[in-house]
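>
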Amino acid sequence: MNTYGKRPNQTYGVLQKNTANNDEEIIIESLHRNGFALLDSGYTDQELNELDTVFNRLRKQYIEQYDQHLLSETGELYTIRSPLTQEIENHFLNLALNSRLATVIGKMIQGKYILNQQNGVIFPSSKDYDQGQWHRDLPYQHYVSSSPLALNALFCLDDLTFESGAMWVVPHSHKDIVCPSENFIKEFGIQIESKRGQFVILDCMVYHCGGYNQSSSDVRAVNHVFTIPYFKQQINIPQNIQAKYISPNMREILGFNFEEPTSIESYLQSRQLKKLKK
């Protein structure tokens, strides 16, 4: 955004005002007001290189396992569903539970939250793809809430630049029920450049889309959606996780404590366990 001259920093007639004195507080305020923010993951170059290697290996295995023709036919060729359930080294599990991200999610979503989904994402070079269309990450829903019900956290394995497919957003659109008009999006939609190792965090009700990748290489990211426990997971994580060790806190975030009972008996057993824990 262009600015001209000295920026005013004084107010008058103001009875209430937010305070944001550090990066975390600025991120929280940006998410509330704008609906989006950037967060540094804190990963070292070595850790990012390890994620690179695992991501590339997993994509190759995924295409071999689920058949490239089927994935192309179903529009899934540029997505890796639920990578945290497909590797035993826990790289993707640890990514979903990143401590800096968890702090922000915990302050934005009131009460308990779960990981609803994690997906590897490829922004293909010079090709259209499904996520390149304007949408909310709670699709087909037209309502707003006083506090977030769901947050999206896109982790960048490569730089997302204006050329390589930086995300487009319509700021503040999480505060209005209906989708903005094409002319409004054209006038006020903005692109957010993000660097390797950063999370692009969105209120899931913000209208957004992936940018068109005009570079000569595919660009990779890992998308996460965190929700209140009342939303079903995209893929049942507890029934598919291969992690060697899962702490009680991990179990809650991964949805173990919120699985749907399969019978009356299992429902009553879950109620009994809750009583015993009190």
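Going letter by letter, the sequence shown gives residues 19 to 296 in my numbering.
Every residue gets a Cβ at the ideal spot worked out from N, C-alpha and C, and that includes glycine.
Note that the structure is predicted; figures quoted are calculated from it, not measured.
#1: Where does the unbroken alpha helix (DSSP H) through HIS87 begin, and where does it stop?
#2: Is it right to say ILE132 is buried, meaning 16 or more other beta carbons lie within 10 angstroms of its own, or is it exposed?
#3: Helix, strand or coil for PHE249 per DSSP?
#4: Looking at the structure shown, is ILE195 part of a helix, part of a strand, or coil, going by DSSP?
#5: Could you give the uninterrupted runs of the alpha helix (DSSP H) lying entirely in the segment 31-99, keeping only those of 4 residues or more?
#6: When you compare only the Cα positions, how much space is there between ASN112 and SER265?
#7: Which of the three DSSP states, helix, strand or coil, is assigned to GLN216?
#8: Considering only the alpha carbon of each residue, which of ARG118, ASN74, SER143 lies closest to PRO101?
#9: With 16 as the cutoff for other CB atoms within 10 Å, does PRO166 come out buried or exposed?
#10: Who are ALA168's beta bridge partners in DSSP?
#11: Any beta carbon of chain D sitting closer than 8 Å to that of ILE208?
#12: I'd like the list of long-range same chain contacts for VAL72, defined as Cβ closer than 8 Å, with 5 residues on each side in sequence excluded.
#13: For ILE203, which residues of its own chain have a beta-carbon under 8 Å away from its beta-carbon, when the five flanking residues on both sides are left out?
#14: May I ask you to report which of helix, strand or coil DSSP gives GLY112?
#15: So who's on the other strand from HIS226, going by DSSP bridges?
#16: With a CB to CB cut of under 7 Å and the five nearest residues on each side skipped, what residues in its chain are close to ASN125?
#17: Under 6 Å Cβ to Cβ from GLY273, same chain only, skipping five residues before and after it: list those, please.
#18: Do ALA168 and ASP148 have their C-beta atoms within less than 8 Å of each other?
#19: Buried or exposed: which applies to SER212, given that a residue is buried once 16 or more other Cβ atoms fall within 10 Å of its Cβ?
Looking at the coordinates:
#1: Within the sequence shown, residue 87 is the residue found at index 69, counting from 1. HIS87 -> alpha helix (DSSP H) spans 86-91.
#2: Numbered from its first residue, the sequence shown carries residue 132 at position 114. ILE132 comes out buried.
#3: As a working note, residue 249 is residue 231 in the sequence shown. In this structure, PHE249 counts as coil in the three-state DSSP scheme.
#4: Along the sequence shown, one-based indexing puts residue 195 at 177. ILE195: coil per DSSP, three-state reduction.
#5: Runs found: 41-51, 63-84, 86-91.
#6: Locating residue 112 in the sequence shown gives position 94, where the first residue counts as 1. Locating residue 265 in the sequence shown gives position 247, where the first residue counts as 1. Rounded to whole angstroms, the separation of the alpha carbons of SER265 and ASN112 is 12 Å.
#7: In the sequence shown, counting from the first residue as 1, residue 216 sits at position 198. Judged by DSSP in its simplified three-state form, GLN216 adopts strand.
#8: Stepping through the sequence shown from its first residue, residue 101 is reached at position 83. If we check each option's Cα against that of PRO101, ASN74 comes out closest.
#9: Locating residue 166 in the sequence shown gives position 148, counting from the first residue. The Cβ neighbour count for PRO166, taken over all protein chains shown within 10 Å, is at least 16; the residue is labelled buried.
#10: On the sequence shown, position 150 is the one that residue 168 refers to. According to DSSP, which records beta bridges pairwise, ALA168 is partnered with THR245.
#11: Reference to chain D is not applicable here, since this structure consists of a single protein chain.
#12: Here residue 72 refers to the residue found at position 54 of the sequence shown. If we look at VAL72 and ignore the five residues flanking it on each side, its Cβ neighbours are GLU105, GLU107, HIS109, PHE110.
#13: Along the sequence shown, read from residue 1 onward, the residue named residue 203 stands at position 185. If we look at ILE203 and ignore the five residues flanking it on each side, its Cβ neighbours are TRP152, VAL188, TYR225.
#14: Taking the sequence shown and counting its residues from 1, the one referred to as residue 112 is at position 94. According to the sequence shown, residue 112 is Asn rather than Gly. ASN112: helix per DSSP, three-state reduction.
#15: For the purposes of this step, residue 226 is taken as residue 208 along the sequence shown, with counting starting at 1. According to DSSP, which records beta bridges pairwise, HIS226 is partnered with HIS153, VAL187.
#16: Counting from 1 along the sequence shown, the entry for residue 125 is found at position 107. Note that residue 125 corresponds to Lys in the displayed sequence, not to Asn. Excluding positions up to five away in sequence, the list reads ILE46.
#17: For the purposes of this step, residue 273 is taken as the residue at position 255 of the sequence shown. Cβ neighbours of GLY273 beyond the five flanking positions: ILE132, GLN251, ILE255, PRO256.
#18: Indexing the sequence shown from 1 puts residue 168 at position 150. Indexing the sequence shown from 1 puts residue 148 at position 130. The Cβ atoms of ALA168 and ASP148 do not sit closer than 8 Å to each other.
#19: As a position in the sequence shown, residue 212 is number 194, starting the count at 1. Around the beta carbon of SER212, a 10 Å sphere encloses 16 or more other beta carbons of the protein chains shown; the residue is thus reported as buried.
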